[in-house]
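K.L.:
Under my numbering, the residues of the sequence shown are numbered 45 to 205, in order. For reference, the structure I am asking about is given below.
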Amino acid sequence: MTVGEYNRAVDAFADNLFRFVLKNLKDESTAEDIVQDTFEKLWMKLEEVSAEKVKSYLFTSAYHTMIDYIRKEKRNVVTDPALISQGQDRTSYSDLAEVLDRAVQNLPEDQKAVIMLRDYEGYSYREIAGITGLSESQVKVYIYRARVYLKGYIGSMEKVI
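Given below as structure tokens:
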């Protein structure tokens with residue numbers, strides 16, 4: 045890969061990569077850091093990564109960096125019972141996007157990542173398998189389980205409206 049191809053990759057994929065990480069983490073500064081780290085990794089392996097495979101490399105690298113960050117943060121989180129009870133008093137919602145966003149955040153990390161790659165970014169099952177390192181059938185299972193959970197979480201439209 046040449047420097048020009050690298051620059052075109054940054055222009056072409058930086059926004060999608062940022063959006064993918066941000067949707068999973070909900071923290072802009074961390075998402076920016078992960079995207080920056082991902083492009084730094086690509087720069088270090090410039091000669092090893094072909095221009096045709098750069099999109100897959102970027103999303104795979106960002107996915108693994110994000111998972112490492114999430115695992116690290118889970119070990120460092122101290123749960124305060126007072127904070128958990130806040131915000132759970134609402135029983136009706138007026139914004140379906142808010143309901144769906146909250147439901148997606150409640151998914152397990154692997155299901156969240158595959159559903160984001162499939163439904164938000166539009167990747168095929170094969171591409172998601174390549175990015176996450178899962179088998180294609182496991183990707184389909186995770187997406188199915190995530191969609192079943194989301195459907196159950198949202199429930200009927202009367203509850204949402």
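Note that the Cβ used here is the ideal one computed from N, Cα and C, for glycine as well. Keep in mind it's a predicted model, so treat the numbers as computed, not measured.
Counting C-beta neighbours from all protein chains within 10 Å, is the total for M45 16 or more, i.e. buried, or is it exposed?
P.N.:
Burial call: buried.
K.L.:
With 16 other CB atoms within 10 Å as the buried threshold, where does V98 fall?
P.N.:
Flag for V98 reads buried.
K.L.:
What do you get for N150, buried or exposed, if any count of 16 or more other CB atoms within 10 angstroms of its CB means buried?
P.N.:
Classification of N150: exposed, given that the 10 Å Cβ count is below 16.
K.L.:
Near E165, what residues of its chain come up, given a Cβ to Cβ distance below 7 Å and the 5 sequence neighbours on each side ignored?
P.N.:
If we look at E165 and ignore the five residues flanking it on each side, its Cβ neighbours are N60 and F64.
K.L.:
Buried or exposed: which applies to Q41, given that a residue is buried once 16 or more other Cβ atoms fall within 10 Å of its Cβ?
P.N.:
The requested residue 41 is not part of the displayed model; the chain covers only 45 to 205.
K.L.:
Can you say whether E171 is buried or exposed, counting buried as having 16 or more other CB atoms within 10 angstroms of its CB?
P.N.:
That one is buried.
K.L.:
Grouping DSSP H, G and I as helix and E and B as strand, with all else coil, what is V184?
P.N.:
It should be noted that the sequence gives Lys, not Val, for residue 184. DSSP places K184 in helix when its eight states are reduced to three.
K.L.:
S105 and K85: beta carbons closer than 7 Å?
P.N.:
The answer is yes: Cβ separation under 7 Å.
K.L.:
Suppose the cutoff is 7 Å on Cβ atoms and the five residues either side in sequence are ignored; what does the same chain contact list for L90 look like?
P.N.:
Cβ within range, chain order: M45 and Y50.
K.L.:
Could you compute how far the alpha carbon of A147 sits from the alpha carbon of R115?
P.N.:
Going by the C-alpha atoms only, they are around 20 Å apart.
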